[in-house]
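The block underneath contains the structure these notes are about, expressed in structure tokens.
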Amino acid sequence: MLNRRKFLTGLAAAGATAPGFFVPTARAAEQESSRFDDAVAAAKRARTAPAEKFWSEIQQSWAVDRSILNMENGGLQPAPAIVNQAFLQAWSKANEAPSHTNSRVLWPQVEGVRTRLAKAFGCEAEEMAITRNTTEGFLAVALGIKLNPGDEVLTTTQDYHRFHNDLLQRQAREGIVVRQIKLPAVPAEDAGAVVQAFANAITPRTRVLLLSHVFQLTGQVMPIRAVVQMVRAQGILVIVDGAHGFSHVAATRDELDCDIYVTSLHKWLSAPHGTGFLYIRKELIPTIWPLQPPTDRAPTDIRRFEAIGTASAAPYLAIGAALDFWEMVGVERKRERLVWLRERWVSRLAELPGVTLNTSRKPGLGGAIMSIDVAPGLSPPKLAAWLWERHRVLVAGVEHAEFRGLRVVPALYSTEAELDRFADLLLVARHDGLA
Ligand SMILES: Cc1ncc(COP(=O)(O)O)c(C=O)c1O
């Protein structure tokens, strides 16, 4: 049975150590007997959530509009209040005397953010470029590497469509060849079969492979490490599109063993909008031409990829606050929580007749994102429209050539009540239809 000491120790072990968060120490918690009773009751109510109070404090760190039930956190996530504060402070400072405060005071401080991001990703600071988003990092590499007519870029039918378009422009202009392969299954749970599908598609002209770390429409995690290791000996460069990887699922350089990783920090890190990074393994930096040629940088300098003309340092500096927040929550704990959030709602539907899941629920193959076809008669775009127009629930309805479903993306600020309401609404739609 849950006793008081065990419960308090559990909460303290859950790591609620940051000032302003619930139960900084077990002793402090000892004095909070009414809170304790509430928390025990809440923990009993929650199906499996440990330290529910801790998470409710986390959820309140965001000033989001709760009249909208937002299950569309795939494109852009809101930032917690401390991140917004850090951004606004830097923004005000930049405006005090911009040529001095923005350019000479604030921009040099971005070096500290570079160091911290590099540590979080597990690379050297000199391999880490801060960008405005995944797209900026991807374009620098995809347009900046030398490819000859007939050279092939291999990707999948589920990778980000805009990146396909970027490559297709090179195909039209320069005669490179872009090839898309289908994965063996949706969801593709067999890493060996995925690696084999790439191995089968490689030809002597294959130079580059573009692969999402986590597919945008299904949330499927790809076996990046195995693919990279399969192609490395053949001199093929793998560009990992980590838009949905970093700060969501396991995503350090060494876990992935990748050479190039691009991501947006305004998605899963909840950093200010317009932030991302581009990791390039040291030896490769001089082999890639930057999009905006900087005049004063050595070919080995990763900062070559940061030249964007005059810009505010404020969003980049506030990445530091987003990293603080993430560290306070805990890298592992956030990851587990995101899976827990998915399971909270999907476990109520997964086994029902006619439900199709396009995302694997097996450990390591997914995070918070789930693609679900709720019933054969319910078109996902129509269901998404019904959810928004009737219930102010934001979710994406996806029709893809290989699957269809609602793409459901809760985030750390999502509450259990919201997830329960979401599942209730899907059950209502199944039972009563959309009329
Ligand atoms: C898989 C994937 N790659 C790249 C991007 C582009 O991200 P951004 O617009 O932040 O550059 C997205 C955006 O949703 C995405 O889902």
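According to this note's numbering, the sequence shown is numbered sequentially starting from 43. Beta carbons: idealized from backbone N, C-alpha and C, even for Gly. From a predicted model like this one, the values you see are computed outputs, not experimental measurements.
Regarding residue i and ligand 1, is the C-beta to nearest heavy atom distance less than 7 angstroms?
{"i": "residue 285", "result": "yes"}
{"i": "residue 258", "result": "yes"}
{"i": "residue 358", "result": "no"}
{"i": "residue 176", "result": "yes"}
{"i": "residue 456", "result": "no"}
{"i": "residue 408", "result": "no"}
{"i": "residue 98", "result": "no"}
{"i": "residue 117", "result": "yes"}
{"i": "residue 321", "result": "no"}
{"i": "residue 186", "result": "no"}
{"i": "residue 303", "result": "no"}
{"i": "residue 447", "result": "no"}
{"i": "residue 306", "result": "yes"}
{"i": "residue 261", "result": "no"}
{"i": "residue 254", "result": "yes"}
{"i": "residue 318", "result": "yes"}
According to the Cβ coordinates, are residue i and residue j closer than 8 angstroms?
{"i": "residue 193", "j": "residue 249", "result": "yes"}
{"i": "residue 293", "j": "residue 284", "result": "yes"}
{"i": "residue 182", "j": "residue 333", "result": "yes"}
{"i": "residue 202", "j": "residue 262", "result": "no"}
{"i": "residue 357", "j": "residue 305", "result": "no"}
{"i": "residue 266", "j": "residue 255", "result": "yes"}
{"i": "residue 326", "j": "residue 301", "result": "yes"}
{"i": "residue 426", "j": "residue 448", "result": "yes"}
{"i": "residue 380", "j": "residue 410", "result": "yes"}
{"i": "residue 189", "j": "residue 158", "result": "no"}
{"i": "residue 450", "j": "residue 422", "result": "no"}
{"i": "residue 454", "j": "residue 376", "result": "yes"}
{"i": "residue 214", "j": "residue 268", "result": "no"}
{"i": "residue 330", "j": "residue 186", "result": "yes"}
Applying the criterion that 16 or more other CB atoms from any shown protein chain within 10 Å of the CB defines a buried residue, is residue i buried or exposed?
{"i": "residue 461", "result": "buried"}
{"i": "residue 384", "result": "buried"}
{"i": "residue 73", "result": "Here residue 73 scores only 40 on pLDDT, less than 50, and its place in the model should not be relied on; the value that follows carries that caveat. With fewer than 16 other Cβ atoms within 10 Å, it is exposed."}
{"i": "residue 45", "result": "Legend: pLDDT at residue 45 = 35, less than 50; position of this residue unreliable, value from coordinates given subsequently. It is exposed - the Cβ of residue 45 has fewer than 16 other Cβ atoms within 10 Å."}
{"i": "residue 443", "result": "exposed"}
{"i": "residue 116", "result": "buried"}
{"i": "residue 141", "result": "exposed"}
{"i": "residue 204", "result": "exposed"}
{"i": "residue 429", "result": "buried"}
{"i": "residue 361", "result": "buried"}
{"i": "residue 350", "result": "exposed"}
{"i": "residue 150", "result": "exposed"}
How close, in whole Å, do the beta carbons of residue i and residue j come, if the pair is a contact with beta carbons under 8 angstroms?
{"i": "residue 416", "j": "residue 472", "result": "6 angstroms"}
{"i": "residue 313", "j": "residue 459", "result": "With 8 angstroms as the limit, residue 313 and residue 459 do not qualify as a contact, their Cβ atoms being about 27 angstroms apart."}
{"i": "residue 171", "j": "residue 208", "result": "With 8 angstroms as the limit, residue 171 and residue 208 do not qualify as a contact, their Cβ atoms being about 18 angstroms apart."}
{"i": "residue 478", "j": "residue 210", "result": "For residue 478 there is no data in the structure shown, the boundaries of the chain being 43 and 477."}
{"i": "residue 281", "j": "residue 169", "result": "That pair is no contact at about 15 angstroms."}
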